[in-house]
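In the working numbering, the protein residues as written are 5 to 402.
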């Protein structure tokens with residue numbers, strides 16, 4: 005079965021499995037072309053499907069012999085459907101590096117945010133604070149997102165600059181969410197006890213109203229990376245759950261992430277406090293957090309389709325949904341092309357409108373639902389309907 009999994013405790017955190025081979029990644033990471041951090045995050049885990057989705061080619065076992073330390077009895081295999089689709093997409097966009105326009109957009113967003121934040125040192129008002137929050141969100145979607153997926157060469161540090169943690173983001177989205185989409189190992193699919201997002205979650209009386217209070221919750225989303233990520237790095241425990249255990253190999257970047265968080269607190273909490281403008285700074289978090297959470301939720305598939313599949317390729321497609329088209333992709337960094345992004349996370353979002361028809365044709369030919377909403381309002385209606393459905397008390401025979 006083509007599913008991602010964590011290696012058992014008998015294999016140390018310095019090891020990574022790819023197919024039936026186990027490699028010492030503590031020795032290899034300094035030679036990794038994509039830098040040591042990314043591969044270090046997979047210490048103690050299987051990286052077969054991660055390698056396939058990010059590189060789109062067979063793993064070079066013959067070139068890795070000096071790092072080989074063992075084998076596994078129950079190996080994960082590359083997904084053949086994904087491999088077939090990768091050939092088609094590669095023929096259309098090559099490596100999928102960002103366009104010049106995307107690079108200019110990234111620089112413009114970062115420079116605009118820095119200049120606006122500097123102006124707030126002299127004069128902070130409600131409009132500036134709200135626009136700064138929006139810019140932080142757009143940097144998160146257009147710059148750090150592509151960068152921390154390897155689609156852009158630089159800019160991964162911006163996740164820490166806008167208030168989160170680069171380490172925790174890679175852990176949640178690269179190591180966990182992208183490889184376990186829509187399953188119990190997907191942290192993005194867990195809402196208990198505040199939200200009930202699937203039929204297997206326990207039911208609480210207040211979730212009857214989750215389709216009403218979800219928008220209010222989204223306004224507080226900014227507090228999660230702002231404070232949660234700092235304490236996760238400090239405690240070295242993601243979501244305070246053992247199943248999400250962080251790799252020990254990533255600890256060299258721990259102090260750097262903590263320092264960036266403290267710098268952010270100084271910039272956006274301490275300075276506004278002494279200016280007597282803390283409420284306006286909170287507006288920055290509320291606007292940025294709401295914008296991100298609103299569009300994050302839209303990417304979940306709340307239709308009646310069964311998104312519990314037995315192959316990696318089918319799971320990625322069935323658990324995701326798309327909305328809108330190229331203009332929304334340009335604004336939100338391709339987040340609206342969630343299906344294409346999950347299948348090709350290392351392709352820059354400027355290519356998603358090009359590869360979407362190729363992906364749709366291939367997916368439908370394989371008999372997997374390709375869910376696309378023409379408008380944000382149609383997608384939002386689906387989200388509300390899904391939340392209302394899961395908010396109902398489960399039947400006794402469920």
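Note that the Cβ used here is the ideal one computed from N, Cα and C, for glycine as well.
Within the DSSP secondary-structure output, residue 25 pairs in a beta bridge with 22, 75. Residue 349 and residue 94 have their C-alpha atoms roughly 13 Å apart. Look at residue 326 here: in three-state DSSP terms it is strand. The alpha carbon of residue 334 has as its nearest neighbour, out of 174, 344, 357, the alpha carbon of 357.
Following the DSSP letters along the chain, one finds residue 343 inside the alpha helix (DSSP H) bounded by residues 342 to 347. Residue pairing for residue 181: DSSP places it in no beta bridge.
Non-local beta-carbon contacts of residue 261 in its own chain, meaning distances under 7 Å to residues more than five positions away in sequence, involve 164, 169, 170, 171, 237 in chain order.
Residue state for residue 50 is assigned as strand, using DSSP reduced to three classes. Nearest C-alpha to residue 372 among 394, 316, 359: 316. Collapsing the DSSP output to three states places residue 153 in coil.
8 Å or more divides the Cβ of residue 215 from the Cβ of residue 88. Check the Cα spacing between residue 352 and each of 366, 365, 336, 367: the tightest is with 336. In the structure shown, the three-state DSSP call for residue 36 is coil. For residue 379, the three-state secondary structure derived from DSSP is coil.
Each of 398, 355, 48 was checked against the Cα of residue 96, and the nearest Cα belongs to 355. Under the 8 Å Cβ criterion, the segment 275 to 289 counts as touching the segment 120 to 140, having at least three qualifying pairs.
Under the three-state reduction of DSSP output, residue 187 falls in the coil class, being neither helix nor strand. Comparing C-alpha distances from residue 362 to each of 341, 174, 319 shows the shortest one belongs to 341.
Put simply, the backbone Cα of residue 344 is about 21 Å away from that of residue 295.
Residue 47 and residue 251 do touch by the CB rule: their CB atoms are close to 3 Å apart, below 8 Å.
The beta carbon of residue 71 sits closer than 8 Å to those of 27, 28, 29, 31, 32, all from its chain and outside the five residues before and after it, given in chain order. For residue 304, DSSP records a beta bridge to 324. Inter-segment contact for the segment 384 to 400 and the segment 196 to 214 is present: three or more beta-carbon pairs are separated by less than 8 Å. In this structure the segment 138 to 151 does not touch the segment 204 to 223; the number of beta carbon pairs closer than 8 Å is below three. Boundaries for residue 194: no alpha helix (DSSP H) harbours it, and the DSSP string shows neither H nor E there. With contacts defined as CB atoms closer than 8 Å, residue 327 and residue 367 fail to qualify as a contacting pair.
Contact holds between the segment 15 to 23 and the segment 65 to 84, because three or more Cβ pairs, one in each stretch, are under 8 Å apart.
Proximity to residue 226 across 243, 64, 166 peaks at 166, based on C-alpha coordinates. Distance from the CA of residue 314 to the CA of residue 62, rounded to the nearest whole angstrom, comes to 21 Å.
Here residue 188 is exposed, its C-beta having fewer than 16 other C-beta atoms within 10 Å. Rounded to whole angstroms, residue 117 and residue 139 show a C-alpha spacing of 6 Å. In terms of Cα proximity to residue 131, the closest of 272, 284, 204, 100 is 284.
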